[in-house]
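Novice: Here it is, the structure, as C-alpha cells.
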Amino acid sequence: MAILVLGGAGYIGSHTALALLNAGRDVVVADSLKTGFRAAVPPAARFYQGDIRDRCFCDSLFEREQIDGVIHFAASSLVGESMSVPLRYYDNNLGGTRVLLESMTAHGVRDIVFSSSAAVYGEPERVPISETDRTLPTNCYGDTKLAIERMMKWTASAHGLRYVALRYFNACGAQPGGRMGEAHDPETHLIPLLLQVANGRREQVFIFGDDYPTPDGTCIRDYVHVCDLARAHILALDYLAAGGESGAFNLGSGAGFSVLQVLEEARRVTGYSIPAQIRPRRAGDPARLVASADRARAALGWVPEYGDLRVILQTAWDWHHTHPDGYGE
Ligand code: UDP
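Each residue of the sequence shown is one higher than the last, beginning at 94 in the numbering used here.
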C-alpha cells in the first residue's frame, strides 16, 4: 500500500515525500507541475503528472496504485494573486478538492491529510491562536482553505471520509544537506527574499511597516521548519490509521520573531549586509501571528525540532547558496 502525495513537486510536498520515503513508506507523487518542479520529486517516488480537477486523472491514480492514504498539497497558494484572480483559486483549490474527494469516495479511500493554513484565522482575536478561535479569513486564499476544511467535514459525515487539516504558520527552512529547498516564482516570502539579496539576486529587501504595536514595530510571525511540517503529516496519517478523530491542528513553533529579528539573523548566518528599506504596511498583514500547537502535541505527539531561528536560516541558506536558480527548470 502506498501514500499518495498530491502537489508533491512543491515546497512542503517534496519535503514530505522525502520524509515518507525515509520512514520506509511507499510513495506516489502526483503534480500538475504548474508551480511545482519535477526535479523536486524524490527519485524513489513514482510520479504522475496531472491535474486533480480532472476526474479521469484522479480515478486512474486510485485504479493503478494501491493507495491507503492521501496527503493533499495541490493548490494555488499566493495570497496576493488570490485577491486579483479569486475565481481561479475557487476553481483550482475548491474545485480540485471536490473532484478529489469524489474520486476518493468512489474508490473507498478514506484517509486524507490536508494542507491548510493559518490564513483561515484572518486577524486573530488573541495570540497564541488555538484551533477553536474565530476563523474569518481576510484573503481569498485563506477562504478557500477554510471552505475545503468544511467540505471535508461534511464529506466525513456523509461518506465516512477521515481527515486531518494541518494549519501551517510560516513554513521555512530546507532539508539539511542543501539538496532540496524553497523555490517560488514569483517569490514573495520574507526568508527567501532576504537570501536572494545575500546571493546578489536582489539589491535590497523591503520591510513592510515598522509602526506595528510590537517591541520593534515590525510584524511578528511563527516560523516553522519544513522538515517539522513534513514529519507532522506522517504523524497525522498514523493518527488517522489508529482511529484518531478528524479535525484541524495548528502547526507552529509557538515562538514569534519579528521581521527585524529575522533580518539580523539572516545577516549573521550569511555574512552579508542585506540592505533593507522600510516601506508602508502590506495590506492584510496582522501584527502578530503565533500558534498554540498544544493540540498537535497532545494528539499527534508532534514537537518541532527546528525551533531555533539560526538553524532555520542556516538550512535555508545552504539551499539558496548552492541553488541560486532554485531547481533551474
Ligand atoms: N515581509 C516583509 N518584506 C517582504 C516580505 C514579507 O517585510 O518582502 C514581512 C511580512 O509583512 C510579514 C512577514 O515578513 O510580516 C512574513 O511574510 P511572508 O510573506 O514571508 O509570510 P506571511 O506571513 O505573509 O505568510
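All C-beta atoms, glycine included, are put in the ideal place defined by N, C-alpha and C. Predicted, not measured: the structure shown is a model, and the values here were computed from it.
1) What residues match up with L328 in a beta bridge as DSSP calls it?
2) For R131, which of helix, strand or coil comes out of DSSP?
3) Tell me whether C149 is buried or exposed, calling it buried when 16 or more other Cβ atoms sit within 10 Å of its Cβ.
4) Under a three-way DSSP split, which group does N343 fall into?
5) Suppose the cutoff is 8 Å on Cβ atoms and the five residues either side in sequence are ignored; what does the same chain contact list for E216 look like?
6) Note down the Cα distance separating G345 from D147, rounded to an integer number of angstroms.
7) Which residues in the same chain have their Cβ closer than 7 Å to the Cβ of G400, if we skip the five residues on either side of it in sequence?
8) If you compare alpha carbons, which of G302, G162, M244 is closest to A376?
9) Is there at least one non-hydrogen atom of ligand 2 closer than 7 Å to the beta-carbon of V172?
10) Count the CB pairs spanning the segment 205-216 and the segment 161-169 that are closer than 8 Å, and state whether there are at least three.
11) Any chance the segment 280-295 sits against the segment 238-250, with 3 or more Cβ pairs inside 8 Å?
12) Using 8 Å as the threshold, is the C-beta distance between A258 and M244 below it?
13) If we require 4 or more residues per run, which alpha helix (DSSP H) segments fall completely within the segment 116-191?
14) Secondary structure at H318, three-state DSSP: helix, strand or coil?
15) Pop quiz: E275 and A409 are said to be a contact at Cβ under 8 Å. What is the actual Cβ separation, rounded to whole angstroms?
Specialist: Considering the structure as presented:
1) Looking at the DSSP assignment, L328 forms no beta bridge with any residue, so it has no partner.
2) helix
3) exposed
4) strand
5) L229, T231, P379
6) 33 Å
7) S346, A348
8) G302
9) Ligand 2 is absent from the structure shown, which contains only ligand 1.
10) yes
11) no
12) no
13) 148-157, 172-177, 179-182
14) strand
15) 7 Å
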